[in-house]
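Read through the structure below, which is laid out as structure tokens, and then see the notes.
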Amino acid sequence: MAVMPVRIGIIGSGFEADLHAAAIRMAPDEAELAAVASPTPGNAAALAGRHAIPRVFTDYREMLCEKDLQMVTIAAPNHLHARMTLDCARAGKHVVCEKPLAMNLEEADEMLETCERQGVLLLYAEELFFTPKYVKAKEMADQGAFGKVYLVKQSEKHFGPHADWFWDVDRSGGGVFMDMGCHGIAFCYWFLDRSPIRSVYCQMSTQVHGGRTRGEDESLCILEFENGATGLVENSWARRGGMDDRVEIFGEGGVTYANLHMGNALPTYREYGYGYAVEKAPGTKGWSYPVFEELWNYGFPQEMRHFARCATGKEEPRATGRDGRVVMEALYAGYASAGRGRKIELPFGPARVRKPIDLWRA
Ligand SMILES: NC(=O)c1ccc[n+]([C@@H]2O[C@H](COP(=O)([O-])OP(=O)(O)OC[C@H]3O[C@@H](n4cnc5c(N)ncnc54)[C@H](O)[C@@H]3O)[C@@H](O)[C@H]2O)c1
């Protein structure tokens, strides 16, 4: 018997909610966009209009009363992830939660326990597990192309996020390491077949945005894995010139490099700045690297299609709340390492931390 597409509601109507909606629409055989909820009525209605979403709510809890919704994606600021996940789970909806999973480990644990108790999936929206270039690198590594992989580097840099809440550590939990270091940690962990993380060493600073945030805008993180490999995660909100996202994989028998903005982008110079705005570039003049088939090249449609298939039992989840919890612990250790000036061994889970950055700057 044919299985109907999974009916999905989106929480949020900003940057990432728009990506979720566009990605879900690219999998019409598996998923159906049924509703959107966001406290900014104009934005929610506009998003609904752009993506032909039939139901619009200003309070997400009202959306959760809709019996036919099976899955909800959370694309709201970080400090709301835990509360929203618990509400979704208690309403019997599968949850796709954006990164980082939560503000602290207690929240992460409660999210995992509640979803398990309620019998719903907690899926972690780490699209790097689905990014075609990065998936290709992993496939080659898994086939033995590089022999034993001893170093995995992931780097994501731009000049800082678009919305105010990212800069307010009470709502974001930290600066660039929390925002994008979570991608790099997840990537290294996934690439190395989830070998446990043994230790974390981190250096952080605020180089250019000190007037705007208490968070770090530069971070370097070294991860030691139990299998003997090293992860190197480099992040910046201080880098001008738009988004830079790349990986480098080194094995005793080979190496591969993947750059998300080279090879699938158009090196472009614009004197007048007209047209397409490149992600995270403050302007459109000068050199930029517009990516074609952008969503697909990042892996968002592949991710959402997979999550929809998980909800109907067609696939086993490839990115779960457990991955998000591992990342959260490494984030804690990273901030503590920067604060103490030394490497931190895992497991590491000090109590009474409201947000990771408190371990660096109280
Ligand atoms: N995976 C990625 O690459 C990626 C990229 C960007 C953002 N994100 C994540 O997505 C999440 C959202 O980020 P963004 O860039 O879309 O931020 P944004 O500021 O553009 O959008 C946030 C949205 O949340 C909504 N919101 C706020 N309070 C709400 C509430 N109480 N109920 C319902 N909605 C509420 C806002 O109205 C807004 O529409 C964050 O957790 C961020 O880390 C992930």
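Residues in the sequence shown are numbered consecutively from 731, following our numbering.
Don't be surprised by glycine CBs; every beta carbon is placed ideally from N, CA and C.
No residue range can be given for C795, since it is assigned to no alpha helix (DSSP H) and is classified by DSSP as neither H nor E. The continuous beta strand (DSSP E) containing E886 extends over residues 879-887.
Nearest to A1011 by alpha-carbon distance, out of R969, E792, A959, is R969. For R1070, the uninterrupted alpha helix (DSSP H) segment begins and ends at 1051-1070.
Taking 8 Å as the cut-off, the Cβ atoms of P1047 and A757 do not count as close. The beta carbon of Y790 sits closer than 7 Å to at least one heavy atom of ligand 1. The closest heavy atom of ligand 1 lies 7 Å or more from the beta carbon of K1085. Secondary structure remark: continuous beta strand (DSSP E) runs of at least 3 residues inside the segment 805-829, in chain order: 824-828.
In terms of CA proximity to T1050, M841 leads the group E746, M841, A778, I754. Listed in chain order, the non-local C-beta contacts of T788 below 6 Å within the same chain comprise P769, P771, local neighbours out to five positions each way being set aside. Three or more pairs of CB atoms, one per stretch, sit closer than 8 Å, so the segment 914-923 contacts the segment 864-881.
Here E954 carries a strand assignment [DSSP, helix/strand/coil]. The nearest non-hydrogen atom of ligand 1 is less than 7 Å from the C-beta of A855.
Across the structure, G945 and W897 are spaced so that their CA atoms are roughly 7 Å apart. Under the three-state reduction of DSSP output, Q848 falls in the helix class. If you draw a 10 Å sphere on the C-beta of E948, you find 16 or more other C-beta atoms in it, and that means buried. Within the same chain, Cβ atoms closer than 7 Å to the Cβ of A1068 are found at C932, Q933, M934, W1090, the five residues on either side in sequence being excluded.
Here the alpha carbon of P862 sits roughly 19 Å from the alpha carbon of F876.
DSSP places L962 inside the beta strand (DSSP E), whose first and last residues are 960-966.
For F980, the uninterrupted beta strand (DSSP E) run begins and ends at 974-981, by DSSP. By the neighbour-count definition (other C-beta atoms within 10 Å, threshold 16), F745 is an exposed residue. Taking every protein chain shown into account, the CB of C818 has 16 or more other CB atoms within 10 angstroms, so this residue is buried. V963 and A732 have their alpha carbons spaced roughly 44 Å apart. Cα atoms of R791 and G739: separation of roughly 11 Å, rounded to the nearest angstrom.
When C-beta atoms of the segment 1016-1026 are compared with those of the segment 878-894, fewer than three pairs fall below 8 Å, so the two segments do not count as touching. In this structure K1015 does not touch M833 by the C-beta definition: roughly 37 Å separates them, more than the 8 Å allowed. The shortest CA-to-CA distance from R737 to any of R780, D1088, F1078, M793 is the one to M793. For G903, there is no enclosing alpha helix (DSSP H), as DSSP marks it with neither H nor E. For F787, the beta-bridge partners assigned by DSSP are A767.
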